[in-house]
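Residue numbers (my numbering), protein chains in the order written: chain A, 1 to 123; chain B, 1001 to 1107.
And the structure:
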């Protein structure tokens, strides 16, 4: 059973960088069949896709966050990470990591999600 | 970006009822549409992909249909554990986008 687990600081000061790591267990992050995503949810609001990284390092970012966002992958640790710079209170949200499976005929869809971690931006 | 619009935004129903949630895309997305269930304080759970295909382990009381721009999620024989918020999501193109959610409440 694949499991994803987010980790990182829960409190970040404004203007600093928000850093989170997602650890994947029960499967290899290096499998070519998957894309590794970050998604966030502002308190009481809907879901916003942040971006994905492929095991090779290829990335695709949401244009709304692209200027502040860096995703990276460490295949030796079966982890991928998010760095979001110059944060403000508007970046306060629950951050989820999720696996996107490349299924061919049925397209690339999310199947497994981490439990999520609330990150608060405040001084 | 493709905009996803769900209706209704909230819905009250009773145990045993059958409910329908609709999702409309601002442009055609073929059948690249997924549905998720989210309970308070929990991560979204994947229910359906490719508009109508159930994720492994999801009961057949959930069904999806549609193609192009209009999609529906039907939940039959509602049970207490089904009361949650449901989201649709398109994966035809990037950025991936979600509907605003439909909160299903017990009447």
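Backbone N, C-alpha and C define an ideal beta-carbon position, used for all residues, glycine too.
Query - Own chain, CB closer than 7 Å to residue 1(A), minus 5 neighbours either side, in chain order - result: Taking C-beta separations shorter than 7 Å and ignoring five residues to either side along the sequence, the partners of residue 1(A) in its chain run 26, following chain order.
**Report entry** Residues within the region 1022-1056 of chain B neighbouring chain A, beta-carbon criterion of under 7 Å
**Finding:** 1032, 1034, 1043, 1044, 1046, 1049, 1050, 1053 and 1055
Query raised in the report: How long is the line joining the alpha carbons of residue 75(A) and residue 1089(B), rounded to whole angstroms?
Result: 28 Å
Query - Pairwise C-alpha distance: residue 1050(B) and residue 22(A) - result: Note on geometry: alpha-carbon atoms of residue 22(A) and residue 1050(B) lie some 26 Å from one another.
Requested in this report: Report the neighbours of residue 1097(B) on chain A: residues whose CB is nearer than 8 Å to its CB, in chain order.
Outcome: 49
Query raised in the report: Closer than 7 Å, Cβ to any Cβ of chain B: which residues of the region 103-122 of chain A, in chain order?
Result: 106, 107, 108, 109, 110, 111, 113, 114, 115 and 116
Requested in this report: For residue 116(A), count neighbouring Cβ atoms within 10 angstroms of its own Cβ and tell me buried if that reaches 16, exposed if not.
Outcome: buried
Report task. State the Cα-Cα distance for the pair residue 1030(B) and residue 1087(B), rounded to the nearest angstrom. Result -> So the alpha carbons of these two residues sit roughly 18 Å apart.
**Report entry** Span separating the alpha-carbon of residue 59(A) from that of residue 1083(B)
**Finding:** 36 Å
Query - Residue burial classification, residue 1077(B) (beta-carbon count within 10 angstroms, cutoff 16) - result: exposed
Query - chain B contacts made by the region 56-74 of chain A, where a contact means CB separation under 8 Å - result: 60, 62, 63 and 64
Query raised in the report: Looking at residue 40(A) and residue 96(A), is the spacing between their C-beta atoms short of 8 Å?
Result: For the pair residue 96(A) and residue 40(A), the CB atoms are nearer than the 8 Å cut-off.
**Report entry** Contacts of residue 1094(B) in chain A (Cβ-Cβ under 7 Å)
**Finding:** Ordered by position in chain A, the residues that pass the 7 Å Cβ test against residue 1094(B) are 60.
Query raised in the report: Which chain A residues are close to residue 1101(B), counting only those with a beta carbon under 7 Å from its beta carbon?
Result: 46
Query raised in the report: Would residue 96(A) count as contacting chain B if we go by Cβ distances under 8 Å?
Result: Put simply, the CB of residue 96(A) is near chain B, with a gap under 8 Å to one of its CB atoms.
Query raised in the report: Do residue 1085(B) and residue 1020(B) have their CB atoms nearer than 8 Å?
Result: no
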